[in-house]
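Novice: Below is one structure. I have some questions about it.
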Amino acid sequence: MNLSLAGSTDVVRVRGLTKTYAGRTVVDAIDLSIAPGEVVGLIGANGAGKTTTVECLQGLRRPNGGTVRVFGLDPAAQADRLRPMIGSQLQDSGLPDRLRVGEALRLFAGPDAGDGDVLLERFGLGHRRRLAFGTMSGGERQRLFLVLALLNRPQLVILDELTQGLDPAARREVWASVTQLREAGTTILLVTHELEEAEVLCDRVVAMRAGRVLDSGTPAELVARHGGWATVGFSLPPGRPDDDLAALRALPGVQSVQRHADQVTVIGRRSVIAHTGAWLVRRGWVPEDLRADVPDLETALLALLDSPPDSPTGSPAPSTTQEVA
281 MNLSLAGSTD
291 VVRVRGLTKT
301 YAGRTVVDAI
311 DLSIAPGEVV
321 GLIGANGAGK
331 TTTVECLQGL
341 RRPNGGTVRV
351 FGLDPAAQAD
361 RLRPMIGSQL
371 QDSGLPDRLR
381 VGEALRLFAG
391 PDAGDGDVLL
401 ERFGLGHRRR
411 LAFGTMSGGE
421 RQRLFLVLAL
431 LNRPQLVILD
441 ELTQGLDPAA
451 RREVWASVTQ
461 LREAGTTILL
471 VTHELEEAEV
481 LCDRVVAMRA
491 GRVLDSGTPA
501 ELVARHGGWA
511 TVGFSLPPGR
521 PDDDLAALRA
531 LPGVQSVQRH
541 ADQVTVIGRR
551 SVIAHTGAWL
561 VRRGWVPEDL
571 RADVPDLETA
581 LLALLDSPPD
591 SPTGSPAPST
601 TQEVA
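Here it is, written out as structure tokens:
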């Protein structure tokens, strides 16, 4: 065992993981750590290497390089010991259409299985024991996969594209179920390209592109580093002098103020939303069309994906030369 990993308390600890297929590198020397009870999301476009990474963590694929430890075990060499400790729902999960919910529980239950009926109730499927898999809704199917992933009391749960193809209502149902796991202290690795999902569910996210880690941190940290700038827009009332805009430019966090006819756009850090609103209130006019645009995790990821591979990450300040008074 690599001595640098032997004393780690992390559930997952990866250093320099590399995986190639026919000479093509799909995971390129990545590092990854997951602490007990943490919910970590792997995000990125299709082909970023997310699914291959989790398959290496489960011992389903053997890495070409690097060191991988899950609960201190090597998944490639100690898969039999590790398998009972991991519950997973993989991207291509499926069951026979005629298999009933209760039958699925009996099929997947191992010697250390918990109470399947309790899990069914916990995830809103207690009244569906006799329902055939083929007649279940998308949200019900994904909640059943969560039940099956948890049936043998795993210490780590891996969820790969859990809500892919679900309608918004079903997606929210599944998110609520994952939130229950999170609140219970379950360690979760969530693989997703749904950025709202990662922002809602994850303590920390790891952004990948072409097999490499671009950046990692809390969703808020990634947004702050790469999400661009907040904007506030509104219409000026007739007769307002331009010196009002000069005062607006002096507010904390403002990078630029642009005016086109009676339309004003303020660009700056997130704090400009509060400062601009307070400034308007102090002057006794709050425009009916006041609007704010706040960057989110999707904005941050798109900025990361669009950046040159070896360029420093981060969002440049908007130019102040575009101001029109």
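Under my numbering, the residue at position 115 of the sequence shown is numbered 395, and the numbers go up by one with no gaps.
Don't be surprised by glycine CBs; every beta carbon is placed ideally from N, CA and C.
At the level of alpha carbons, what is the spacing between D440 and V485?
Specialist: Distance between the alpha carbons of D440 and V485 is about 14 angstroms.
Novice: Grab me the residues of L525's own chain with a C-beta within less than 8 angstroms of its C-beta, minus the 5 sequence neighbours each way, in chain order.
Specialist: Here the set comprises V537, R539, V544, A605.
Novice: Nearest CA to the CA of T511: which residue from R489, V546, D290, P532?
Specialist: It is V546.
Novice: From H506 to L312, what distance separates their C-alpha atoms?
Specialist: Those two C-alpha atoms are separated by around 20 angstroms.
Novice: Thinking C-beta only, is V493 closer than 7 angstroms to I468?
Specialist: Taking 7 angstroms as the Cβ cut-off, I468 and V493 do not qualify as a contacting pair.
Novice: DSSP beta-bridge partners for V534?
Specialist: According to DSSP, V534 bridges with G548.
Novice: Quick one: what does DSSP say G296 is sitting in, helix, strand or coil?
Specialist: G296 falls in the strand class under three-state DSSP.
Novice: Rounded to the nearest angstrom, what separates R295 and V480 at their Cα positions?
Specialist: Their backbone Cα atoms lie some 28 angstroms apart in a straight line.
Novice: Decide yes or no for the touch test of the segment 550–565 against the segment 449–468: beta carbon pairs closer than 8 angstroms, at least 3 of them.
Specialist: Short answer: they don't touch.
Novice: Look up T347 in the DSSP assignment and give the residues it is bridged to.
Specialist: Bridge partners of T347: R295.
Novice: Looking at the structure shown, is Q543 part of a helix, part of a strand, or coil, going by DSSP?
Specialist: Strand.
Novice: Look at L442 and Q422 and say whether their C-beta atoms are less than 7 angstroms apart.
Specialist: It is a contact, given that the beta carbons lie within the stated cut-off.
Novice: For A315 versus D354, is the C-beta spacing smaller than 7 angstroms?
Specialist: No, Cβ-Cβ distance for A315 and D354 is not below 7 angstroms.
Novice: Using only the alpha-carbon positions, how far apart do A359 and F514 sit?
Specialist: Distance between the alpha carbons of A359 and F514: 60 angstroms.
Novice: Over the uninterrupted beta strand (DSSP E) stretch that includes G513, give me the two end residues.
Specialist: Its beta strand (DSSP E) spans residues 510–515.
Novice: Can you list, in chain order, the residues of its chain whose CB lies under 8 angstroms from that of N326, leaving out five sequence neighbours each side?
Specialist: Within the same chain, N326 has close Cβ partners H473.
Novice: Would I323 pass as a contact of A487 if the rule is Cβ separation under 7 angstroms?
Specialist: For I323 and A487, yes; Cβs fall inside 7 angstroms.
Novice: Mapping DSSP to helix, strand and coil, what is S587?
Specialist: Correct three-state label for S587: coil.
Novice: Going by Cα to Cα distance, which pick from L405, F413, S587 is closest to P376?
Specialist: For P376, the nearest C-alpha among the options comes from F413.
Novice: Starting from the N-terminal side, write out each stretch of the beta strand (DSSP E) that is 3 residues or longer and does not extend beyond the segment 413–485.
Specialist: Listed in chain order, they are 436–440, 467–471.
Novice: Could you spell out where the alpha helix (DSSP H) holding R505 opens and where it closes?
Specialist: Start and end: 499–506.
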